[in-house]
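Residue numbers (our numbering): 20 to 150.
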Amino acid sequence: ARPFLKKFTDTWAASDKKTYKENLSAFFTTLSELEQFLRDLTLPKYEDRTHDKWNDAFTFLQGDDTSVYAVPKASKSNFIPETAIIAEQLVGTGQIIEFKRATEARQIEIAICQTTEDTCHIVHFYDGAPR
């Protein structure tokens, strides 16, 4: 799962002012595209933040103290309501993976949903004070 974080920052580094949105949008999706995995969830959008703030968040999460958690079943997600997770967990596509890193001043949480063997999309994002 950690390679997803690096893939995002590598994609950002390979982009420029004209291509950030096009290149980074691949990490985001709509609920209709995830309907076999999730429901009734407000997803993060690329437009929620500037490209450099997205990159800052993903860079922050690449710290050694970032926790990575493969959700074993819907009721065990730390970020996504149990009723929103449709897909069975730990069996392939639809898997939710959660990343969290906190310092005294900042906490970032990201959850991704694996939609194919090598594709994941951001389904939860929080950047703020530790909670």
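Quick reminder that beta carbons are idealized off the backbone N, C-alpha and C, glycines included.
Quick caveat: nothing in here was measured; it's all calculated off a predicted structure.
- Classified as buried, residue 24 has 16 or more neighbouring CB atoms from the shown chains inside 10 Å of its CB.
- Scanning its chain for C-beta atoms nearer than 8 Å, with the 5 sequence neighbours on each side dropped, one finds around residue 33 the residues 42, in chain order.
- The alpha-carbon separation between residue 146 and residue 83 amounts to approximately 18 Å.
- Looking at the backbone, the Cα of residue 80 and that of residue 121 are separated by about 9 Å.
- Shortest Cα-Cα distance from residue 69 to any of 131, 36, 107 and 125 involves 36.
- Boundaries of the alpha helix (DSSP H) harbouring residue 41: 39-43, taken from the DSSP string.
- For residue 146, the enclosing beta strand (DSSP E) has its first and last residue at 138-147.
- Around the CB of residue 66, fewer than 16 other CB atoms lie within 10 Å, so the residue is classed as exposed.
- For residue 31 and residue 39, the gap between their C-alpha atoms comes out near 7 Å.
- For residue 88, the beta-bridge partners assigned by DSSP are 117.
- Put simply, the backbone Cα of residue 57 is about 16 Å away from that of residue 46.
- Note that the C-beta distance between residue 77 and residue 28 is below 8 Å.
- The three-state secondary structure of residue 109, taken from DSSP, is coil.
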